[in-house]
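Heads up: the sequence shown begins at 100 in this note's numbering, then just goes up one per residue. Everything below concerns the one structure shown next.
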Amino acid sequence: MAITSNAVSALISGEYHSQFGLKIPEWRIMAVLGDAGPLTQRELVRATLMDKVAVNRASKVLEDRALVRRDPNAADGRSHYLALTDAGAAMHGQIWPQAIAAYEKIFAAFSPSETQKLSALLDKLSSAVRMIESSSR
100 MAITSNAVSA LISGEYHSQF GLKIPEWRIM AVLGDAGPLT QRELVRATLM
150 DKVAVNRASK VLEDRALVRR DPNAADGRSH YLALTDAGAA MHGQIWPQAI
200 AAYEKIFAAF SPSETQKLSA LLDKLSSAVR MIESSSR
């Protein structure tokens, strides 16, 4: 699974890295923020399944490039919300169709029923991981 995941990520990231100068963690954050809206770094760690150091580094790069901004979190003065800037949203809008097209090319190897089965199996694996994580706390 890890090898396949890395291969898919590398294929897709090659396009947005050369065109937009984004690394995989940076795009993951932009993709999640583009979909979910503003989130705290802690929420980004959960949503991306990246460790907090990787989220922090990627967020800093995106902030330095003015693609992400930090907004105060009124509910918790120790954290901030991260949100796409107008430039970040524009870049997201350019990359997203390319990412979808790449996924469609990759998934063309499967029939619709195989795609549904794979999705169900991946959901089942994710649930099992979450159960194991919660029972080990």
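For every residue, glycine included, the Cβ atom is placed at its ideal position computed from N, Cα and C.
- Along the segment 146 to 189, the alpha helix (DSSP H) occurs as fully enclosed runs of 4 or more residues at 151 to 163, listed in sequence order.
- Ranking V152, L148 and A165 by CA distance to the CA of H191 puts A165 first.
- The Cβ atoms of L181 and R169 lie closer than 8 Å to each other.
- Annotation: L221 to A227 spans about 10 Å, alpha carbon to alpha carbon.
- Apart from sequence neighbours up to five positions away, the residues of its chain that approach P171 with a beta-carbon distance below 8 Å are H179 and Y180, ordered along the chain.
- A residue is called buried once 16 or more other Cβ atoms fall within 10 Å of its Cβ, and A189, having fewer, is exposed.
- Under the three-state reduction of DSSP, L121 is assigned to coil, being neither helix nor strand.
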